[in-house]
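Quick note, the sequences are listed as chains A and B, same order.
Note that our numbering numbers the first sequence so that position 128 is 131, with each residue one more than the last.
Note that our numbering numbers the second sequence so that position 91 is 94, with each residue one more than the last.
Beta carbons are placed, not taken as given, at the ideal position from N, Cα and C, and that holds for glycine.
Note that this is a predicted model, so its numbers are computed, not measured.
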Amino acid sequence: MTDLSIDLGFIKLKNPVIASSGTFGYGLEFAPFIDLNKLGGIVVKGLYFSPRPGNPPPRLVEAASGLINAVGLQGVGVKKFSEEILPELRKYNTAVIVNVCGERDEEYASVVEFLDKEEGISAYELNISCPNVDKDGVCPALNPETTFSVVSLVKKSSSRPIITKLSPNVTDIAEIALSAQEAGTDALSLVNTFLAMAVDVETRKPVLPNVFGGLSGPAIKPLVLRMVYQVVNRVKIPVIGIGGVLSAKDALEYLISGAKAVEVGTANLIDPEATVKIIDGLTEYCQKNGINKIESIIGTLKRS
Amino acid sequence: MIKDSQAQIIDKKSWNNYYLFKLESPRIATQAHPGQFIMIRISDHPYPLLRRPFSIHSKDEKSIDIFFQVSGLGTDILSQKIVHDTLDILGPLGKGFQVGANLKGKEVVAAGGGRGIAPLYFLAQELSSHGASVKVFYGGKSLKDIPLKEKFESEGFDLYCSTDDGSFGFKGFISDYLKAELEKFTPSRIFSCGPEEMMKKIAKFATEKDIPADFSLESIMGCGFGVCWGCVKRIRKNGEEEWVKICEEGPVFSSEEIIWAEYEK
Numbered sequence: 004m005t006d007l008s009i010d011l012g013f014i015k016l017k018n019p020v021i022a023s024s025g026t027f028g029y030g031l032e033f034a035p036f037i038d039l040n041k042l043g044g045i046v047v048k049g050l051y052f053s054p055r056p057g058n059p060p061p062r063l064v065e066a067a068s069g070l071i072n073a074v075g076l077q078g079v080g081v082k083k084f085s086e087e088i089l090p091e092l093r094k095y096n097t098a099v100i101v102n103v104c105g106e107r108d109e110e111y112a113s114v115v116e117f118l119d120k121e122e123g124i125s126a127y128e129l130n131i132s133c134p135n136v137d138k139d140g141v142c143p144a145l146n147p148e149t150t151f152s153v154v155s156l157v158k159k160s161s162s163r164p165i166i167t168k169l170s171p172n173v174t175d176i177a178e179i180a181l182s183a184q185e186a187g188t189d190a191l192s193l194v195n196t197f198l199a200m201a202v203d204v205e206t207r208k209p210v211l212p213n214v215f216g217g218l219s220g221p222a223i224k225p226l227v228l229r230m231v232y233q234v235v236n237r238v239k240i241p242v243i244g245i246g247g248v249l250s251a252k253d254a255l256e257y258l259i260s261g262a263k264a265v266e267v268g269t270a271n272l273i274d275p276e277a278t279v280k281i282i283d284g285l286t287e288y289c290q291k292n293g294i295n296k297i298e299s300i301i302g303t304l305k306r307s
Numbered sequence: 004m005i006k007d008s009q010a011q012i013i014d015k016k017s018w019n020n021y022y023l024f025k026l027e028s029p030r031i032a033t034q035a036h037p038g039q040f041i042m043i044r045i046s047d048h049p050y051p052l053l054r055r056p057f058s059i060h061s062k063d064e065k066s067i068d069i070f071f072q073v074s075g076l077g078t079d080i081l082s083q084k085i086v087h088d089t090l091d092i093l094g095p096l097g098k099g100f101q102v103g104a105n106l107k108g109k110e111v112v113a114a115g116g117g118r119g120i121a122p123l124y125f126l127a128q129e130l131s132s133h134g135a136s137v138k139v140f141y142g143g144k145s146l147k148d149i150p151l152k153e154k155f156e157s158e159g160f161d162l163y164c165s166t167d168d169g170s171f172g173f174k175g176f177i178s179d180y181l182k183a184e185l186e187k188f189t190p191s192r193i194f195s196c197g198p199e200e201m202m203k204k205i206a207k208f209a210t211e212k213d214i215p216a217d218f219s220l221e222s223i224m225g226c227g228f229g230v231c232w233g234c235v236k237r238i239r240k241n242g243e244e245e246w247v248k249i250c251e252e253g254p255v256f257s258s259e260e261i262i263w264a265e266y267e268k
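Pasting the structure below:
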């Protein structure tokens, strides 16, 4: 019997496969396709305090093995989530992680304070890195000081563990990671989408009215692997890898490079059963290679 | 229930860059309503990455048809599939057209332009089976862009064709042809699918003449089942305008629900 469980220190996951925010709705949408109890965790769609209208369409454009989105975090807000969605979601035996958004530091804190009163949430993932909500992709995760400011405020306001989701659109992601660690985050998730754009050559206009969007999918996996590897060697807290995980092999690359878990994003859109297939693939890999406990392969990248 | 399943291509027809595939899927054939769609995975590999949405064009006991025009990489690759190839399909998705017994004995219009004709064949059949008398308006750029003309005729539908270049039927847009014909009769309802500009024109004169009208909207879709929020359109809902996922709550909406100003850009 292979043990796929992962101990993040503040929370124990039944396996290292977590559904990523923005690609998994509020989780319940996937119940017709898969047994949600099988997942290591679910990060629900980003929540602002109030309902959020999102960006005008078109919001998506496909790139080579990637997807550029400018959805703009359209969502229901904390009240509707707590009243209508969370009671259903907490029936499942999986870690429910809420992706927390804010226009200012105080809004992140107020979302967390509101949700702290609700049961059935394992942790918060701080979305300080969405490129689609402010002008030119500006977000707190672009800078160590703004990262420190929001993470420390939310940490003070929260009774639950905090995972800080970082942006790849920086010169030195390890510097931001260290800043978030210093501010007290319990873990890091790497990364949000890459700031990107596409052009319609007939109209000579940007395809997205927002001009920029965020690139996700298999196209970004090599870049994120590199970032995860750079960060795990600098921080003491657990790192979760996010970017282009379509298969168990992709997940294993992250784990071997030092990530304690992965989030599966874009793959959910193409194959609603992707998460479960990846979990099955991890079991298969462990059995084939005589690995009893998947934790034993984390950070085992050989350099010689 | 929406499911991911494998379906074999059991027949394939083509006209220039228009294709008609028959897919064996008893499950979807049993469940499908006109206006619903399926998402097809184009490649087993990550390029092209996303599934593509296709309206259900018709159905029998064990299969469904899709009708499409090659308009990009995804449809180009799909068009090269052959009979006996298997496709990964997700569906049936969306809510589709409301077809009820209340249309029995009534005159209705199904108006489609180009590839937008796809869902209207299934719709016209369903309307007929509910006892409605269906006039089909079918427009394209040229004669080669209305390849389903004979198919509608052979089913006995009252067919009105237009071509932009006048190579067949009324010369001009199908919306203009319909507008002219509405001087002679008043249908109980108009159903339409096609380019947004065409649907917008139809919505305008349908509203002026007080004829209820339903439109099937199109958008790039990330998932097709409501989780990516990528396919939104501006819709009036409970008195408020909001961005609504057309995959989940549509793709069919009435003329009163759709905020047409969005299509003026």
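Q: Please look up how many angstroms separate the CB atoms of A/Asp51 and A/Cys104, rounded, as I've assumed it's under 8 Å.
A: As a first step, residue 51 of chain A must be located in the first sequence, where it is residue number 48. As a first step, residue 104 of chain A must be located in the first sequence, where it is residue number 101. Sequence inspection shows Tyr at residue 51 of chain A; the Asp mentioned does not correspond to that position. The Cβ separation is near 5 Å, so the contact holds.
Q. Since A/Pro209 meets chain B, which of its residues come closer than 9 Å, beta carbon to beta carbon?
A. On the first sequence, residue 209 of chain A is found 206 positions in, with the first residue counted as 1. Residues of chain B passing the Cβ test: none, with the nearest at roughly 13 Å.
(Q) When you compare the stretch 127-135 of chain B with the stretch 163-171 of chain B, are there three or more beta-carbon pairs, one atom per stretch, that lie closer than 8 Å? (A) no
Q) Does any C-beta atom of chain A lie closer than 8 Å to the C-beta of B/Cys250? A) As a position in the second sequence, residue 250 of chain B is number 247, starting the count at 1. No, no contact with chain A.
Q | Other residues of its chain near B/Leu181: CB distance less than 7 Å, five sequence neighbours each side excluded | A | As a position in the second sequence, residue 181 of chain B is number 178, starting the count at 1. So the list reads Val112, Ala114, Phe140 and Ile205, once near-sequence residues are dropped.
Q) Do A/Lys224 and A/Asp203 have their CB atoms nearer than 8 Å? A) The residue you call residue 224 of chain A lines up with position 221 of the first sequence. The residue you call residue 203 of chain A lines up with position 200 of the first sequence. Result no, Cβ atoms of A/Lys224 and A/Asp203 do not sit closer than 8 Å.
Q) Nearest CA to the CA of B/Arg44: which residue from B/Ala264, B/Thr89, B/Lys65 and B/Phe70? A) Indexing the second sequence from 1 puts residue 44 of chain B at position 41. Out of B/Ala264, B/Thr89, B/Lys65 and B/Phe70, B/Thr89 has the C-alpha closest to the C-alpha of B/Arg44.
Q: Have a look at B/Pro56 and A/Ser192 and give me their C-alpha separation to the nearest angstrom.
A: Within the second sequence, the letter at position 53 stands for residue 56 of chain B. Within the first sequence, the letter at position 189 stands for residue 192 of chain A. Cα to Cα, the separation comes out at about 32 Å.
(Q) Taking 7 Å as the limit between beta carbons, can you name the residues of its chain near A/Leu16, skipping five residues before and five after? (A) Taking the first residue of the first sequence as 1, we reach residue 16 of chain A at position 13. Only Ser8, Ile9, Gly43, Gly44, Ala98 and Ala264 meet the Cβ criterion.
Q: Use the C-beta contact count for A/Ile297: other C-beta atoms within 10 angstroms, 16 or more gives buried, fewer gives exposed.
A: Indexing the first sequence from 1 puts residue 297 of chain A at position 294. With 16 or more other Cβ atoms within 10 Å, it is buried.
(Q) Is there a Cβ of chain A sitting closer than 8 Å to that of B/Arg239, yes or no? (A) Within the second sequence, the letter at position 236 stands for residue 239 of chain B. Chain A contact via Cβ: absent.
Q. Looking at the structure shown, is B/Lys268 part of a helix, part of a strand, or coil, going by DSSP?
A. Position 265 of the second sequence holds residue 268 of chain B. Reliability of the predicted coordinates at B/Lys268 is poor, the pLDDT of 47 falling under 50, and the value obtained from them is presented with this limitation in mind. Per DSSP, reduced to three states, the secondary structure at B/Lys268 is coil, with no helix or strand assignment.
Q: Would you kindly check if the distance between the Cβ of A/Pro241 and the Cβ of A/Ala180 is under 8 Å?
A: Start at 1 with the first residue of the first sequence, and residue 180 of chain A comes out as number 177. Start at 1 with the first residue of the first sequence, and residue 241 of chain A comes out as number 238. Cβ atoms of A/Ala180 and A/Pro241: not closer than 8 Å.
Q. How many Å lie between B/Leu23 and A/Pro275 at the Cα?
A. On the second sequence, position 20 is the one that residue 23 of chain B refers to. On the first sequence, position 272 is the one that residue 275 of chain A refers to. When rounded, the distance between both Cα atoms is 27 Å.
Q) Leaving out the 5 sequence neighbours to the left and right, which residues in its chain are closer than 6 Å to B/Ile31 when beta-carbon positions are compared? A) As a first step, residue 31 of chain B is located in the second sequence; it is residue number 28 there, counting from the start. Correct list, in chain order: Ile67, Gly94 and Pro95.
**Q.** Sheet register partners of B/Cys164 (DSSP bridge)
**A.** Indexing the second sequence from 1 puts residue 164 of chain B at position 161. According to DSSP, which records beta bridges pairwise, B/Cys164 is partnered with B/Tyr141.
Q) In chain A, which residues lie less than 8 Å from B/Phe228 when you measure between Cβ atoms? A) Position 225 of the second sequence, counted from the start, is the residue given in the question as residue 228 of chain B. Within 8 Å Cβ-Cβ: Glu32 and Pro275.
Q.
Spatial neighbours of B/Ser219 within its chain, please: C-beta separation below 6 Å, excluding the five flanking residues on both sides.
A. Taking the second sequence and counting its residues from 1, the one referred to as residue 219 of chain B is at position 216. Setting aside the 5 residues that flank it on each side, B/Ser219 is surrounded in the same chain by Gly38, Pro122, Cys196, Pro254 and Val255, each with a C-beta closer than 6 Å to its C-beta; the list follows chain order.
Q. Name the chain B residues that come within less than 9 Å of A/Leu70, Cβ to Cβ?
A. Taking the first residue of the first sequence as 1, we reach residue 70 of chain A at position 67. Result: Leu52, Leu53, Gly225, Cys231 and Gly233.
**Q.** B/Trp246 classed as buried or exposed, judged by whether at least 16 other C-beta atoms fall within 10 angstroms
**A.** Position 243 of the second sequence, counted from the start, is the residue given in the question as residue 246 of chain B. Buried, since its Cβ has 16 or more Cβ neighbours within 10 Å.
Q | Contacting residues, own chain, Cβ-Cβ under 7 Å from B/Ala209 (five flanking each side not counted) | A | Here residue 209 of chain B refers to the residue found at position 206 of the second sequence. Residues of the same chain with a CB within less than 7 Å of the CB of B/Ala209, apart from the 5 flanking positions on each side, are Ile193, Ala216 and Ser258 in chain order.
**Q.** Nearest-angstrom Cβ-Cβ length linking B/Ala295 and B/Lys62, presumed shorter than 8 Å
**A.** Residue coverage of chain B in this structure runs from 4 to 268, which leaves residue 295 of chain B outside it and unanswerable.
Q | CB of A/Pro212 within 8 Å of CB of A/Met200, strictly | A | Translated into positions along the first sequence, residue 212 of chain A becomes position 209. Translated into positions along the first sequence, residue 200 of chain A becomes position 197. Not closer than 8 Å, so no.
(Q) Out of B/Cys250, B/Glu211, B/Ile262 and B/Lys15, which one is the CA nearest neighbour of B/Ile85? (A) What you label residue 85 of chain B is simply residue 82 of the second sequence in a count that begins at 1. Of B/Cys250, B/Glu211, B/Ile262 and B/Lys15, the residue nearest in Cα terms is B/Lys15.
(Q) Less than 6 Å between C-beta atoms, sequence neighbours within five positions excluded: which residues of the same chain meet that for A/Val279? (A) As a first step, residue 279 of chain A must be located in the first sequence, where it is residue number 276. Only Ile37 and Lys41 meet the Cβ criterion.
Q: Please check the pair A/Ser260 and A/Leu304, which I expect to be a contact at CB under 8 Å, by giving their CB distance rounded to whole angstroms.
A: For the purposes of this step, residue 260 of chain A is taken as the residue at position 257 of the first sequence. For the purposes of this step, residue 304 of chain A is taken as the residue at position 301 of the first sequence. Rounded, the Cβ-Cβ distance is 5 Å, consistent with contact.
Q) Whose C-beta lies closer than 7 Å to the C-beta of B/Ser8 among residues of the same chain, with five residues either side of it excluded? A) The residue you call residue 8 of chain B lines up with position 5 of the second sequence. Around B/Ser8: Ser28, Arg30 and Ile92.
Q. Would DSSP call A/Asn102 helix, strand or coil?
A. Residue 102 of chain A sits at position 99 when you count from the first residue of the first sequence. Of the three classes helix, strand and coil, the one that applies to A/Asn102 here is strand, per DSSP.
**Q.** Cβ of A/Lys291 within 8 Å of any chain B Cβ
**A.** Taking the first residue of the first sequence as 1, we reach residue 291 of chain A at position 288. Cβ-Cβ to chain B under 8 Å: no for A/Lys291.
Q) Could you give the distance in angstroms between the alpha-carbon of A/Asn236 and the alpha-carbon of B/Met202? A) As a first step, residue 236 of chain A must be located in the first sequence, where it is residue number 233. As a first step, residue 202 of chain B must be located in the second sequence, where it is residue number 199. Approximately 57 Å, taken between the alpha carbons.
Q: Select from A/Gln290, A/Glu128 and A/Ser250 the residue whose C-alpha is nearest the C-alpha of A/Val20.
A: Start at 1 with the first residue of the first sequence, and residue 20 of chain A comes out as number 17. The candidate whose alpha carbon is nearest that of A/Val20 is A/Ser250.
(Q) Can you look up A/Ser299 in the DSSP assignment and give me helix, strand or coil? (A) Stepping through the first sequence from its first residue, residue 299 of chain A is reached at position 296. Here A/Ser299 sits in helix by DSSP.
Q | Span of the beta strand (DSSP E) around B/Cys196 | A | Counting from 1 along the second sequence, the entry for residue 196 of chain B is found at position 193. Here the beta strand (DSSP E) through B/Cys196 covers Arg192 to Cys196.
**Q.** A/Val231 versus A/Asn102 - alpha carbon distance
**A.** Indexing the first sequence from 1 puts residue 231 of chain A at position 228. Indexing the first sequence from 1 puts residue 102 of chain A at position 99. Those two C-alpha atoms are separated by around 20 Å.
**Q.** Where A/Glu65 meets chain B, residues with beta-carbon distance less than 8 Å
**A.** Here residue 65 of chain A is taken as the residue at index 62 of the first sequence, counted from 1. By Cβ distance, chain B contributes Pro51, Leu52, Leu53 and Ile223.
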